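In the UniProt record's numbering, the protein residues as written are 1 to 529.
Here a beta-carbon is modelled for each residue, glycine too, at the ideal position from N, C-alpha and C.
Predicted model only: the values in this text are computed from it and were never measured.
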Amino acid sequence: MSALSGFENELRKGLEEYPVKPGEKFSYGTAGFRTLGDKLESVLFKVGILAALRSRSCGGKTIGVMITASHNSAEDNGVKLVDPRGEMLDTSWESHATDFANAPSLDAFIAILENFIRSKQISLGTPANVVYARDTRASGPKLVTALRKGFAAMGAAATDAEVTTTPILHYLVDIINTTTQEWNVNNLIEGYYLKLSNAFKRLLADRGTSAHLLIDCANGVGALAAKKLDDFLGESLTLKLKNTSVESTEKLNKDCGADYVKVGQKLPPSLTSELRPGERGCSLDGDADRLIYYYLDDSGKFRMLDGDKITTLVASFIMRLVKDAGLDDAQEKIKVGVVQTAYANGSSTRYLSERLPVTCVPTGVKHLHHAAAERYDIGVYFEANGHGTVLFSSSAQHKVTSHKPSTAAQATALGRLKDVIDVINQTVGDALSDMLLVEVALYHMAYSVETWDKLYSDLPNRLVKVKVGDRNAFVTEDAERRLVRPPGLQAKIDELVQRTGGRSFVRPSGTEDVVRVYAEAKETDAAYW
Numbered sequence: 001m002s003a004l005s006g007f008e009n010e011l012r013k014g015l016e017e018y019p020v021k022p023g024e025k026f027s028y029g030t031a032g033f034r035t036l037g038d039k040l041e042s043v044l045f046k047v048g049i050l051a052a053l054r055s056r057s058c059g060g061k062t063i064g065v066m067i068t069a070s071h072n073s074a075e076d077n078g079v080k081l082v083d084p085r086g087e088m089l090d091t092s093w094e095s096h097a098t099d100f101a102n103a104p105s106l107d108a109f110i111a112i113l114e115n116f117i118r119s120k121q122i123s124l125g126t127p128a129n130v131v132y133a134r135d136t137r138a139s140g141p142k143l144v145t146a147l148r149k150g151f152a153a154m155g156a157a158a159t160d161a162e163v164t165t166t167p168i169l170h171y172l173v174d175i176i177n178t179t180t181q182e183w184n185v186n187n188l189i190e191g192y193y194l195k196l197s198n199a200f201k202r203l204l205a206d207r208g209t210s211a212h213l214l215i216d217c218a219n220g221v222g223a224l225a226a227k228k229l230d231d232f233l234g235e236s237l238t239l240k241l242k243n244t245s246v247e248s249t250e251k252l253n254k255d256c257g258a259d260y261v262k263v264g265q266k267l268p269p270s271l272t273s274e275l276r277p278g279e280r281g282c283s284l285d286g287d288a289d290r291l292i293y294y295y296l297d298d299s300g301k302f303r304m305l306d307g308d309k310i311t312t313l314v315a316s317f318i319m320r321l322v323k324d325a326g327l328d329d330a331q332e333k334i335k336v337g338v339v340q341t342a343y344a345n346g347s348s349t350r351y352l353s354e355r356l357p358v359t360c361v362p363t364g365v366k367h368l369h370h371a372a373a374e375r376y377d378i379g380v381y382f383e384a385n386g387h388g389t390v391l392f393s394s395s396a397q398h399k400v401t402s403h404k405p406s407t408a409a410q411a412t413a414l415g416r417l418k419d420v421i422d423v424i425n426q427t428v429g430d431a432l433s434d435m436l437l438v439e440v441a442l443y444h445m446a447y448s449v450e451t452w453d454k455l456y457s458d459l460p461n462r463l464v465k466v467k468v469g470d471r472n473a474f475v476t477e478d479a480e481r482r483l484v485r486p487p488g489l490q491a492k493i494d495e496l497v498q499r500t501g502g503r504s505f506v507r508p509s510g511t512e513d514v515v516r517v518y519a520e521a522k523e524t525d526a527a528y529w
């Protein structure tokens, strides 16, 4: 008897409607599936099927599906699954997602599906629940249609969160699976804004005047979310929103957004007349999970504050709160630490290492998030590209809520720590949540944007992409900082590095036959040599 009894007819109808086109290949990576939006309908149908199976394998817990291509250009799109606690899809399922997407025929897919259900011992009698959303891309609606048909083919109950940010979708998955009350998705989304804004207001209650912040919304879904957040913030923070043309979908990430600023290390052209020296601004990316800050110095020169700078500010602020709350003594010590990748600027690593533990892990959010959760009571991570968050272990949260302060100052610091936890979206990097956290940290540390920038000076660096015949010929170790193969290449890198007093590493791409070469030195000429 078929493992798909009762589902096969609908599956075959959907597979006939959404066949894989000859020559197309897809790969599920850290960002899920990502390519041109008009190539993804067959993938979305199968992702709907996979999400239903993932839910059943998790005992009926709600699984998230987000349709987005983040910082990519407007013609691209993508899709990724979100696991029950709002975290990324279990890595052991990534290869199965790839197998589903690349099944060459209808019968081949049915065979793969049946074998998968048997191998995972998935009961199709278990309820399946999913919640899904999309960003503002023009290809989104037709991809949603294909996704819904995949859900329906596998009998999943699906909730539409409509057009919203990736971080909000992650938040929704977590809250749906942990709440014991009846819920409505619109009320849960409103709860997200209330949680962030109320905590922010409490943290800045004693500030006399409202600060102003210029926000480049990348002409994406972040513009809609920032506008809603602005309504909830009231007078606690005045947001000046730019690049908000969500209806003109071709403008998404075009000459704007966090990736444009980070890669080009320059202000979006649309902001050149908006930002004055000494004022601070920030850019979101297309789905609002990355954040880059910047300002103009007194001479009008552009200065960027990327994920490394955000890490330094946030970690310093949280360390101070932990100390002021009396949670750094031997009895109730909370261990605060930072997780970085090899791409973190050496100056930031040096600055942080002198003050708290720092762990280096391989590139990828899943490595950063896991290490932050496993190695520290409070783990801070931000990639240089501006994607990151802060994770509080259950033990740390218990200590914060149960600790008995011995002084009024300790009580104040404890209250602030509780509110900081509410400002943070711990499920994933969240540009709006992180933006509020930066504003809180600047206020309580009494830092101007210039003071923040001067905590350390970035070492000159360069990142280049080099095409190679076979990326698999390059094998790394030591969190991707050293090469094991090809033989002899690491020795040559070491020799060059010794001459310049810098550092360099080579790591293969996970998706294409290229290697990325990073070089860093005290002098620009040496880094670019």
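The beta carbon of Val390 sits closer than 6 Å to the beta carbons of Val380, Ile424 from its chain, once the five residues preceding and following it are set aside; these are given in chain order. For the options Val336, Asp328, Ala396, Val263, the alpha carbon positioned closest to that of Met304 is the one of Val263. Considering only Pro19, Tyr518, Asn198, the residue with the shortest C-alpha distance to Ser105 is Pro19.
C-alpha of Leu124 to C-alpha of Phe392: approximately 36 Å in a straight line.
Listed in chain order, the non-local C-beta contacts of Phe474 below 6 Å within the same chain comprise Pro508, Val515, local neighbours out to five positions each way being set aside. Residue ranges of uninterrupted beta strand (DSSP E) with 3 or more members, entirely inside the UniProt domain "Phosphoacetylglucosamine mutase AMG1" (306-446) and ordered along the chain, are 336-340, 358-360, 378-382, 388-392. Collapsing the DSSP output to three states places Ser119 in a helix. DSSP places Val514 inside the beta strand (DSSP E), whose first and last residues are 514-520.
Along the segment 53-106, the beta strand (DSSP E) occurs as fully enclosed runs of 3 or more residues at 62-67, 76-82, listed in sequence order.
In this structure, DSSP gives Gly29 an extended state, which the three-state scheme calls strand. Taking every protein chain shown into account, the CB of Val464 has fewer than 16 other CB atoms within 10 angstroms, so this residue is exposed. When secondary structure is reduced to three states using DSSP, Tyr456 falls in the coil class, being assigned neither helix nor strand. Annotated as proximal: Ile67 and Leu143, with beta-carbon spacing under 7 Å.
Rounded to the nearest whole angstrom, the C-alpha separation of Val449 and Gly150 is 48 Å. When the beta-carbon positions are compared, Val336 and Ile378 come within less than 7 Å of each other.
Arg148 sits in a helix when the DSSP states are folded into three classes. DSSP, read as helix, strand or coil, puts Asp216 in strand. Going by DSSP, Asp160 is part of the beta strand (DSSP E) stretching over 157-163. DSSP links Ala205 through a beta bridge to no other residue.
Assignment of Phe302 by DSSP, reduced to helix, strand and coil, places it in the strand class. By the CB criterion at 7 Å, Leu204 and Ser236 fall inside the cutoff.
Rounded to whole angstroms, the separation of the alpha carbons of Lys323 and Ala101 is 50 Å.
Assigned with DSSP and collapsed to three states, Tyr18 falls in coil, not helix or strand. A contact is defined here as three or more CB-CB pairs under 8 Å, and the segment 76-87 meets this definition with respect to the segment 169-181.
DSSP places Thr180 in the coil class of the three-state scheme, outside both helix and strand.
Here Ala108 is actually not in contact with Leu11; their C-beta atoms are around 13 Å apart, not less than 8 Å. One Cα belongs to Val79, the other to Ile310, and the distance between them is close to 28 Å.
Residue range 280-284 is occupied by the beta strand (DSSP E) that includes Gly281.
A residue is called buried when at least 16 other Cβ atoms come within 10 angstroms of its Cβ; Gln181 does not meet this threshold and is exposed.
Residue pairing of Thr238 in beta bridges, as defined by DSSP: His212.
With fewer than three CB-CB distances shorter than 8 Å, the segment 240-253 does not count as touching the segment 450-460. Residues of the same chain with a CB within less than 7 Å of the CB of Asp174, apart from the 5 flanking positions on each side, are Arg85, Gly86, Thr427 in chain order.
Looking at Trp93, Gly429, Pro460, Leu15, the one whose alpha-carbon comes closest to that of Gly307 is Gly429. With contacts defined as CB atoms closer than 7 Å, Phe26 and Val43 qualify as a contacting pair.
Across the structure, Asp297 and Pro269 are spaced so that their CA atoms are roughly 17 Å apart.
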